[in-house]
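> Submitted below is the structure of interest, expressed as structure tokens.
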Amino acid sequence: MSTQEQQPVQPVAIEEIELAVKEQTVAVPKTKVPRDAAYWAPKVDRLVVDADKAAMGFNVAGRRVTGPQQGFGKLWQRTYSAALRPTVSPEQLISEWKDHFASFWPKGNRFGGTLIAPGEVAPIAVNTGGGLKLSTGVLVLYADPESFTFMTPEGHMFAGWITFSGYVENETTIAQIQILLRTSDPLFEMSWPVMKLMEDRFWRQTMRNVAAHFGVTRADITGKTVCVDTKRQWKNWRNVWHNSGIRSVLHLLTAPVRLVRRAR
Amino acid sequence: MTTPALELDVRPVGGATAVIDIRGDVTATSEQPLSAAYDEATNTHGAQSLILNFTGLDYMNSSGIGMLVTLLVRANRQRQKLAAFGLTDHYRQIFELTRLDEAITIYDDESSALSSASATS
């Protein structure tokens, strides 16, 4: 007769369970954790901005995220890449990119995130010229040791994903930015001919800054733009309600009112 | 010999419907095999409804989700229906998070997906 039968109320010692598992005398339920589980943001319905970033994130808090299917304009895939020194591994590249993300952005633009980790929400302020800063943000959708991806909120110029990655090609580490986007609404779609040039300048400068960080001073940035879908999604024209350009202007115009209210 | 990261099988199931069985990893390198599977389902089997079977999905990163968007665009262009089944809770949540579930109908199992496909075809 076993000890357990004599004393049924006695809990089984953890050592006994471990031994039984080791000797395979008991079945262990197979709960398979996906390899990518830690890399994805948890599901969110509406974005939440940390209190200390609330002023900058007025166009982000409470918004839903949008993928290319929720956008309005044609679907574009834009890819920028730069070759780095072979001594830099993709893991090193991405680690440094995450740590210094904000500093790689071109001057005059602000990235309000503190951490590039799945689920983080970062307000951003993009210089549109003429002194106006367009306020919007991003959600860190995915982050693994060799890549990370942002997803845009409602009202952002673009509905889609931006992936930053590193990979090895011909024994050289390549830094890459790949954007899958549609403009969010008809107004942004009308501005696309200008916006795409601004975007192009923005990401090329970002790539140059990343390359310079790794000691490549005159990086050759290659860029490629492919139209994946020529159809506009007219069913999403109402996205204009959240247009961050319009809302940023309104926010600027109503600043004196907020100042007076705060003073009372 | 190394095992390929992604294996795809195309099964015509009648009624202009094809099931694409996905086994392994869906990443940026999946573009060519996914495109080939789509071509086989469409051109060889004349499928108007495509059902993705994710029962054997082991890993998917954000580039993999991008590949599915490309597949969806191709299907929409041909006025084909795209559905999915066999997603674990984890991958179902990713579909919901990325709002891909608004464009690709998700079913619990193959029979439900097939019933819906046959009802709409």
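The listed protein sequences correspond, in order, to chains A and B. No gaps in the numbering here: position 41 of the first sequence is 145 in this note's numbering, and each next residue is one more. No gaps in the numbering here: position 79 of the second sequence is 869 in this note's numbering, and each next residue is one more. Yeah, the Cβ is synthetic: ideal placement off N, Cα and C, and Gly gets one too. Quick caveat: nothing in here was measured; it's all calculated off a predicted structure.
Would you mind sorting proline 194 of chain A into buried or exposed? The rule is 16 or more other CB atoms within 10 Å of its CB.
Your numbering for residue 194 of chain A matches position 90 in the first sequence. Under this definition proline 194 of chain A is a buried residue.
> Can you name the residues that DSSP bridges to methionine 850 of chain B?
Numbered from 1 along the second sequence, position 60 holds the residue referred to as residue 850 of chain B. DSSP, once it has assigned bridges, lists B:Val816 as partnering methionine 850 of chain B.
> Relative to chain A, which residues along the region 882 to 894 of chain B have a C-beta separation below 7 Å, given in chain order?
If the cut-off is 7 Å between Cβ atoms, the region 882 to 894 of chain B has Gln883, Ile884, Glu886, Leu887, Thr888, Arg889, Leu890, Glu892, Ala893 near chain A.
> Mind checking whether methionine 261 of chain A and serine 348 of chain A have CB atoms under 8 Å apart?
Against the first sequence, residue 261 of chain A aligns to sequence position 157. Against the first sequence, residue 348 of chain A aligns to sequence position 244. Contact flag set, yes.
> Taking C-beta pairs closer than 7 Å, name the residues in chain A that glycine 856 of chain B reaches, listed in chain order.
Residue numbering aside, residue 856 of chain B sits at position 66 when the second sequence is read from its first letter. Within 7 Å Cβ-Cβ: Trp265, Leu284.
> Between the C-alpha atoms of arginine 322 of chain A and tyrosine 184 of chain A, what's the straight-line distance to the nearest angstrom?
For this step, residue 322 of chain A is matched to residue 218 along the first sequence. For this step, residue 184 of chain A is matched to residue 80 along the first sequence. If I take the Cα positions, the gap works out to 15 Å.
> Helix or strand or just coil, what does DSSP make of proline 222 of chain A?
On the first sequence, position 118 is the one that residue 222 of chain A refers to. It is coil, neither helix nor strand.
> Can you check which of these residues, A:Ala206, A:Gly235, A:Asp149, A:Gly217, is closest to glutamine 883 of chain B by C-alpha distance?
For the purposes of this step, residue 883 of chain B is taken as the residue at position 93 of the second sequence. Residue A:Asp149 is the option with its Cα nearest to glutamine 883 of chain B.
> Closer than 8 Å, CB to CB, is serine 852 of chain B near chain A or not?
Here the question's residue 852 of chain B lines up with position 62 in the second sequence. With 8 Å as the cut-off, serine 852 of chain B counts as an interface residue toward chain A.
> Taking the CB atoms as reference points, tell me whether alanine 247 of chain A and leucine 188 of chain A lie closer together than 8 Å.
Within the first sequence, the letter at position 143 stands for residue 247 of chain A. Within the first sequence, the letter at position 84 stands for residue 188 of chain A. No; because the gap between Cβ atoms is not below 8 Å, this pair is not in contact.
> Compare the C-beta of aspartate 848 of chain B with all C-beta atoms of chain A and state if any pair is closer than 8 Å.
Taking the second sequence and counting its residues from 1, the one referred to as residue 848 of chain B is at position 58. Chain A contact via Cβ: present.
> For the region 825 to 832 of chain B against the region 845 to 855 of chain B, do three or more pairs of beta-carbon atoms, one drawn from each stretch, fall closer than 8 Å, so that the two count as touching?
No: fewer than three Cβ pairs fall under 8 Å.
> Which residues in chain A sit within 9 Å of alanine 880 of chain B, going by Cβ to Cβ distance?
Residue numbering aside, residue 880 of chain B sits at position 90 when the second sequence is read from its first letter. The sequence shown places histidine at residue 880 of chain B, rather than the alanine named in the question. Within chain A, the residues near histidine 880 of chain B are Val137, Pro138, Asp140, Ala141, Trp144.
> Any beta-carbon of chain A closer than 8 Å to the one on histidine 835 of chain B?
Taking the second sequence and counting its residues from 1, the one referred to as residue 835 of chain B is at position 45. Taking Cβ atoms only, chain A never reaches closer than 8 Å to histidine 835 of chain B, which makes this a no.
> Please identify, using Cβ separations under 9 Å, the residues of the region 165 to 186 of chain A that lie next to chain B, in order along the chain.
Against chain B - using a Cβ distance shorter than 9 Å - the residues of the region 165 to 186 of chain A are Arg168, Val169, Thr170, Gly171, Pro172, Gln173, Gln174, Leu179, Gln181.
> Going by beta-carbon coordinates alone, are isoleucine 812 of chain B and glycine 846 of chain B separated by less than 8 Å?
The sequence position of residue 812 of chain B within the second sequence is 22, counting from 1. The sequence position of residue 846 of chain B within the second sequence is 56, counting from 1. In contact: isoleucine 812 of chain B and glycine 846 of chain B (Cβ atoms closer than 8 Å).
> Grouping DSSP H, G and I as helix and E and B as strand, with all else coil, what is glutamine 282 of chain A?
In the first sequence, the residue the question calls residue 282 of chain A occupies position 178. In this structure, glutamine 282 of chain A counts as strand in the three-state DSSP scheme.
> Just the chain A side, please: which residues come within less than 7 Å of threonine 860 of chain B by C-beta, in chain order?
Your numbering for residue 860 of chain B matches position 70 in the second sequence. Correct list: Val332.
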